[in-house]
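Numbering (the working numbering), first residue to last: 269 to 663. Cβ atoms here follow ideal geometry from the backbone N, Cα and C, with glycine treated the same way. Computed from a predicted structure; not experimentally measured. Here the structure comes first, spelled out in structure tokens, and everything after it is commentary.
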Amino acid sequence: MKLKKKLGADNYKPLDVILSRGQGVWVYDIDQKRYMDCLSAYSAVNQGHCHPAILKAMQEQAQKLTLTSRAFRNDQLALFYQDICELTGSHKVLPMNSGAEAVETAVKAVRKWGYEVKGIPENRAEIIVCADNFHGRTITIVGFSTDPVSRSGFGPFTPGFKIVPFGDAKALEKAITPNTVAFLAEPIQGEAGVIIPPDGYLKEVREICSSANIMLILDEIQTGLGRTGKLLAEEHENIEADLTLVGKALSGGFYPVSAVLSNNEVLGVLKPGEHGSTFGGNPLACAVARAALKVIKDENLVKNAAEMGKYFLDGLKKAENNQIKEIRGKGLLMAVEFKPGAGGARKYCRNLQDQGILCKETHDNIIRFAPPLVITREEVDWALDRIIPVISKSE
Ligand SMILES: *Cc1c(COP(=O)(O)O)cnc(C)c1O
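Here it is in structure tokens:
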């Protein structure tokens with residue numbers, strides 16, 4: 269900890285636990301104390317820590333070929349496209365590495381689509397986003413954040429973004445102009461504290477975007493790949509985005525892999541040389557992602573997330589504490605929100621850590637619970653036996 273403090277940038281404030289090993293829903297610290305991981309690296313390890321099938325795919329591919337750059341073809345890329353398109357019903361894929369890069373890619377693609385297909389005058393494209401969004405950390409992305417901590421001190425920012433309240437379809441409708449190219453949103457706002465929009469919101473948003481001829485971009489980097497009890501959270505309202513962004517669990521936590529999925533020709537506007545990434549679509553990433561997707565399918569993780577999520581949430585709701593404002597969730601993406609001034613969620617996180625449960629507060633007063641989707645009923649019971657007493661205690 270001393271070495272880290274001396275040499276590292278101070279841009280994170282982790283809980284004081286030093287992890288060295290993980291398997292399934294469990295992680296172990298350097299003293300071999302066992303914890304249940306109820307954060308799952310912000311939903312990147314949906315398949316559980318060090319999943320053996322993904323590990324095997326990674327080891328095998330790493331011995332053969334890791335990186336070619338896209339200057340040459342590799343024998344894994346098309347197979348990855350096939351697997352992910354088959355699973356998600358998409359028509360085109362653009363592979364990147366981090367989630368933020370997938371967001372940036374979508375922003376570039378819809379702007380170009382706006383100019384080339386929709387006929388918007390040059391440099392006038394507008395993208396509508398939501399208040400309290402989280403889409404990553406690049407300058408463009410933090411430029412349209414409403415969180416002062418993410419934003420202040422990093423300007424000047426990329427122009428062309430408009431902010432409307434999340435969950436308010438009328439506000440979106442009002443913000444659209446002839447220069448609007450897209451609406452970008454999370455189906456459930458993860459970092460904002462698992463904010464679930466009103467029923468019917470996404471459906472209404474889908475209709476508004478279609479009738480105004482603007483692209484609906486859903487950032488499913490956290491909600492996608494089973495987390496909310498559907499493969500993609502958009503399925504809760506039976507809609508399809510024009511562009512869907514996935515990342516995080518796309519590699520099961522082994523490697524940064526993200527992708528822009530598109531169900532129409534918007535990705536077709538990007539021509540050779542106009543966008544790219546040295547590591548994007550590399551054979552190691554493709555092999556790892558294919559194995560990670562196969563685990564989601566073979567182990568019925570989507571169904572397990574729906575069932576265990578309901579069971580976990582019902583259990584959490586048995587907590588009795590007048591400092592709790594709301595307990596909510598969808599699938600295995602859950603949150604306990606305390607009333608403002610209830611002593612801070614971090615204190616509860618520390619107490620949970622003592623009990624062998626690792627989770628992280630989001631904002632001052634919300635704890636997110638998001639264990640790996642491989643969690644069993646017995647493991648949920650184990651967690652609830654420890655969580656309920658801690659969060660039922662007024663601080
Ligand atoms: C984590 C996250 C991102 C950013 O992903 P990185 O891999 O950290 O760049 C973008 N959008 C959402 C919704 C996220 O949860």
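Inset, instruction - For D415, verify whether its CB is less than 6 angstroms away from any heavy atom of ligand 1. - result: Sequence index remark: in the sequence shown, residue 415 carries index 147 (1-based). D415: no, Cβ never under 6 angstroms from ligand 1.
Inset, instruction - Take Y310 as the anchor and find which of E488, V658 and T336 has the nearest alpha-carbon. - result: Position 42 of the sequence shown, counted from the first residue, corresponds to residue 310. With distances taken between Cα atoms, Y310 lies closest to E488.
Inset, instruction - Apply the 10 Å Cβ neighbour rule to E646 and answer buried if 16 or more other Cβ atoms are within range, or exposed otherwise. - result: Position 378 of the sequence shown holds residue 646. It is exposed - the Cβ of E646 has fewer than 16 other Cβ atoms within 10 Å.
Inset, instruction - Can you check DSSP and say which residues form a bridge with Q344? - result: Working through the sequence shown from its first residue, we reach residue 344 at position 76. Looking at the DSSP assignment, Q344 forms no beta bridge with any residue, so it has no partner.
Inset, instruction - Give the single residue among N568, G548, R596 and E605 whose Cα lies nearest to the Cα of R341. - result: Residue numbering aside, residue 341 sits at position 73 when the sequence shown is read from its first letter. The option with the nearest alpha carbon to R341 is G548.
Inset, instruction - Give the range of the alpha helix (DSSP H) segment to which L440 is assigned. - result: Here residue 440 refers to the residue found at position 172 when the sequence shown is read from its first residue. Start and end: A437 to A443.
Legend entry - G428 versus E328 - alpha carbon distance: Reading the sequence shown from its first residue, position 160 is the one you call residue 428. Reading the sequence shown from its first residue, position 60 is the one you call residue 328. Here the alpha carbons of E328 and G428 stand approximately 45 angstroms from one another.
Inset, instruction - Identify whether T408 lies in helix, strand or coil by the three-state DSSP scheme. - result: Along the sequence shown, one-based indexing puts residue 408 at 140. Looking at T408 - three-state DSSP - the assignment turns out to be helix.
Legend entry - Any beta strand (DSSP E) of 3 or more consecutive residues that is wholly inside the stretch 604–633: 628–630
Legend entry - For H317, three-class secondary structure by DSSP: In the sequence shown, the residue the question calls residue 317 occupies position 49. If DSSP states are grouped into helix, strand and coil, H317 belongs with the strands.
Legend entry - Boundaries of the beta strand (DSSP E) in which L530 is found, first to last residue: Mapped onto the sequence shown, residue 530 falls at position 262. Contrary to the premise, residue 530 reads as Ser rather than Leu in this sequence. Element bounds for S530: S526 to S530.
Inset, instruction - May I ask which residues mark the beginning and end of the alpha helix (DSSP H) holding D653? - result: Counting from 1 along the sequence shown, the entry for residue 653 is found at position 385. Start and end: R645 to I659.
Inset, instruction - Could you check if V285 is buried or exposed, using at least 16 other CB atoms within 10 Å of its CB as the buried criterion? - result: Counted from its first residue, the sequence shown places residue 285 at position 17. Looking at its Cβ environment, which holds fewer than 16 other Cβ atoms inside 10 Å, V285 is exposed.
Legend entry - Environment of I388 [buried if 16+ CB atoms lie within 10 Å]: Stepping through the sequence shown from its first residue, residue 388 is reached at position 120. Per the 10 Å Cβ criterion, buried.
Legend entry - Beta-carbon proximity check, P455 vs T491, cutoff 7 angstroms: In the sequence shown, residue 455 corresponds to position 187, counting from 1. In the sequence shown, residue 491 corresponds to position 223, counting from 1. Yes, these two residues count as a Cβ contact at 7 angstroms.
Inset, instruction - Rounded to whole angstroms, what's the CA-CA distance from G357 to A573? Just pull it up for me. - result: Mapped onto the sequence shown, residue 357 falls at position 89. Mapped onto the sequence shown, residue 573 falls at position 305. Whole-angstrom Cα-Cα distance: 20 angstroms.
Legend entry - Neighbour flag for L529 against chain B, beta carbons, 7 angstroms: Here chain B cannot be found, since the structure has a single protein chain.
Legend entry - Nearest-angstrom Cα separation, counted from N391 out to A560: In the sequence shown, residue 560 corresponds to position 292, counting from 1. In the sequence shown, residue 391 corresponds to position 123, counting from 1. One C-alpha to the other measures close to 39 angstroms.
Legend entry - Reduced DSSP secondary structure (H/G/I, E/B, other) of L323: As a working note, residue 323 is residue 55 in the sequence shown. It is helical.
Inset, instruction - For the alpha helix (DSSP H) containing D582, list its first residue and its last residue. - result: Against the sequence shown, residue 582 aligns to sequence position 314. Note, D582: alpha helix (DSSP H), L569 to L584.
Legend entry - Top-ranked residue by Cα proximity to V410, from K376, G544, K442 and V371: On the sequence shown, residue 410 is found 142 positions in, with the first residue counted as 1. Of K376, G544, K442 and V371, the residue nearest in Cα terms is V371.
Legend entry - Beta-carbon proximity of T426 to I482, cut-off 7 angstroms: Taking the first residue of the sequence shown as position 1, residue 426 is located at position 158. Taking the first residue of the sequence shown as position 1, residue 482 is located at position 214. No.
Inset, instruction - Measure the C-alpha to C-alpha separation of D305 and G367 and round it to an integer number of angstroms. - result: The residue you call residue 305 lines up with position 37 of the sequence shown. The residue you call residue 367 lines up with position 99 of the sequence shown. Taking the straight line joining both Cα atoms gives about 21 angstroms.
Inset, instruction - Could you tell me whether any non-hydrogen atom of ligand 1 is closer than 6 angstroms to the CB of S288? - result: For the purposes of this step, residue 288 is identified with residue 20 of the sequence shown, where counting begins at 1. No.
Legend entry - Distance CB(Q350)-CB(G520) smaller than 7 angstroms: For the purposes of this step, residue 350 is identified with residue 82 of the sequence shown, where counting begins at 1. For the purposes of this step, residue 520 is identified with residue 252 of the sequence shown, where counting begins at 1. No.
Legend entry - Local Cβ density within 10 Å of A453, reported as buried at 16 or more and exposed below that: Along the sequence shown, read from residue 1 onward, the residue named residue 453 stands at position 185. With 16 or more Cβ atoms within 10 Å of its Cβ, A453 is classed as buried.
Legend entry - Of the listed residues T408, A450 and T406, nearest to I664 (C-alpha basis): Nothing can be reported for residue 664: it is not among the residues displayed for the chain, which extend from 269 to 663.
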